[in-house]
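In what follows, a structure is listed as structure tokens, so that the remarks can point back to it.
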Amino acid sequence: MAHDIVFKPSAVFDPERAYFSKCGPTEPPPSPQDSSEAKLTQLKAAKAAAASISSGGDVILPCMKAALQTLEATVVDMEGKPLDDILIELRKSSTEALSARTDAAGTLRFQGLAPGTYQLGLLELDQDRWEILGSEPLSAERAACRDEATWTAPRPVARTGPTSHVIQQGECLSTLAHQHGLHADTVWDLPDNRDLKSRRKNKNILLPGDTVILPPRQLALRDVEPSNAYRIRRKDASEQLRIRFLDRQDRPRSGASYLIAIDGPNGTEERTGKTDGEGFVRESVSATTTEVRVTLGQDLERETFIFRAAHLDPLDTLSGVQGRLTNLGYPCAKDEGKLGALTRRALQDFQRDEGLTVTGEPDASTRATIEEKHLA
């Protein structure tokens with residue numbers, strides 16, 4: 456937009472007055488002034504002339520175009536590690552938006568923005584699954600840009616109503632909720648999942664074939680301004696991993712050194728520690744964890760145990776009984792859901808060791824004791 460600034464001439468030329476101006480007595484010449492004072496007087500006169508405004512003799516000066524700016528957003532997880540491939544949308548209005556995904560450093564830059572307030576949203580996360588941790592001004596070098604942004608229509612909402620999902624082996628509610636940008640409790644507490652919740656006491660121990668209803672995500676938009684770098688955190692509820700180790704006399708292996716390797720979509724993370732007084736390895740892990748390997752002891756006494764996340768079936772299934780017996784040291788997983796010879800022998804050995812009636816059947820008292828020993 457151009458603003459009109461008008462200059463008015465300070466005097467009008469009169470020929471007759473100019474002709475007679477030299478008649479009559481002349482005034483004595485003015486005393487000489489200091490050169491700096493004379494310059495100051497001239498500047499004041501010029502300023503006064505420029506301030507005079509009239510409808511005639513217009514002079515139009517165009518406004519300077521506002522400098523275009525950049526907005527930077529970096530998304531991290533609960534531990535502060537950058538997250539790539541996170542879809543972010545920046546909205547200028549209800550009909551104008553920019554959207555893209557974060558890079559390997561978890562960062563996305565929106566360029567060519569005019570000064571003002573915009574709205575930012577993470578389209579694939581529910582409203583309570585992310586937060587802005589803070590912001591800091593960009594340096595002039597990082598904020599500057601030349602080309603104006605090309606705006607498009609906002610992306611359509613992916614789902615507007617509930618959808619159903621059939622659980623596959625290796626899935627639990629926490630992994631499923633994470634994949635869909637939801638909180639596990641939001642899904643588990645949905646009225647549509649009431650029947651599933653009554654049948655499966657643990658939301659993370661589901662049976663392949665179980666159907667889970669997923670609610671639609673609620674979009675959150677938060678105010679942001681260009682020339683700033685925003686730090687955003689994806690709020691994922693971590694899961695508490697508990698693995699208890701006992702010796703052959705069922706005594707806790709307390710104080711044992713361990714190395715734990717945690718596999719996930721971004722690679723393997725290794726940690727070290729010691730089991731607690733009850734023989735537990737306790738670690739906080741992400742819902743995206745796929746496998747855990749725990750190595751106990753050192754040198755020749757080292758033992759490695761492998762646990763696959765979300766592969767344990769409910770205890771009311773035969774495969775669930777077999778999985779727990781195998782973890783407790785009574786291997787029978789090769790029977791794969793059938794009451795074969797390995798499973799019967801494992802059941803008999805377990806019943807004998809626990810002082811139960813030896814039947815070789817997964818009866819109610821045997822299942823209850825298995826649950827107590829296995830802790831789930």
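Just remember that this note's numbering sits 455 ahead of the position in the sequence shown, which is counted from 1. Backbone N, C-alpha and C define an ideal beta-carbon position, used for all residues, glycine too. Predicted model only: the values in this text are computed from it and were never measured.
| said: Please identify the residue among Ala711, Ala742, Asp804, Gln634 whose C-alpha is closest to the C-alpha of Asp731. | reply: Per the Cα distances, Ala711.
| message | On the DSSP letters alone, give me the boundaries of the alpha helix (DSSP H) that Glu733 sits inside. | response | For Glu733, there is no enclosing alpha helix (DSSP H), as DSSP marks it with neither H nor E.
| Bridge partner(s) assigned by DSSP for Tyr785 | Tyr785 is not bridged to any residue.
| task | Count the other CB atoms, across all protein chains shown, that sit within 10 Å of the CB of Thr744; report buried if there are 16 or more and exposed otherwise. | result | Under the 10 Å beta carbon count, Thr744 is surrounded by 16 or more other beta carbons and is classified as buried.
| task | For His633, I'd like the list of residues in its chain whose CB is within less than 7 Å of its CB, leaving aside the five on either flank, ordered along the chain. | result | So the qualifying residues of the chain are Asp691, Ala742, Thr743.
| task | Taking Ile668 and Pro617 to be in contact with their CB atoms under 8 Å, please state how far apart those CB atoms are, rounded to whole angstroms. | result | Cβ-Cβ separation between Ile668 and Pro617: approximately 5 Å, consistent with a contact (criterion under 8 Å).
| Run through DSSP, which three-state label would Gln624 get? | Of the three classes helix, strand and coil, the one that applies to Gln624 here is coil, per DSSP.
| message | Just to confirm the assignment, what range does the beta strand (DSSP E) spanning Ser712 have? | response | In this chain, the beta strand (DSSP E) harbouring Ser712 covers 712-719.
| message | Along the chain, where does the beta strand (DSSP E) containing Phe805 start, and where does it finish? | response | Premise fails: Phe805 lies in the alpha helix (DSSP H), 796-808, not in any beta strand (DSSP E).
| message | What would DSSP say about Glu776, mapped onto helix, strand or coil? | response | Checking the sequence, you will find Val at residue 776 rather than Glu. Looking at Val776 - three-state DSSP - the assignment turns out to be helix.
| said: Quick check on DSSP: helix, strand or coil for Glu738? | reply: Residue state, collapsed to three classes: strand.
| query | Among Phe700, Val813, Gly589, Asp650, which one has its Cα closest to the Cα of Arg688? | reply | Taking Arg688 as reference, the option from Phe700, Val813, Gly589, Asp650 with the minimal CA-CA separation is Gly589.
| field | Those runs of the beta strand (DSSP E) which lie wholly inside the stretch 653-678 and span at least 3 residues | value | Runs found: 666-669.
| query | Expressed to the nearest angstrom, what Euclidean distance is found between the alpha-carbon atoms of Glu579 and Arg610? | reply | Distance between the alpha carbons of Glu579 and Arg610: 11 Å.
| task | Mind checking which residues open and close the alpha helix (DSSP H) that includes Arg706? | result | Boundaries for Arg706: no alpha helix (DSSP H) harbours it, and the DSSP string shows neither H nor E there.
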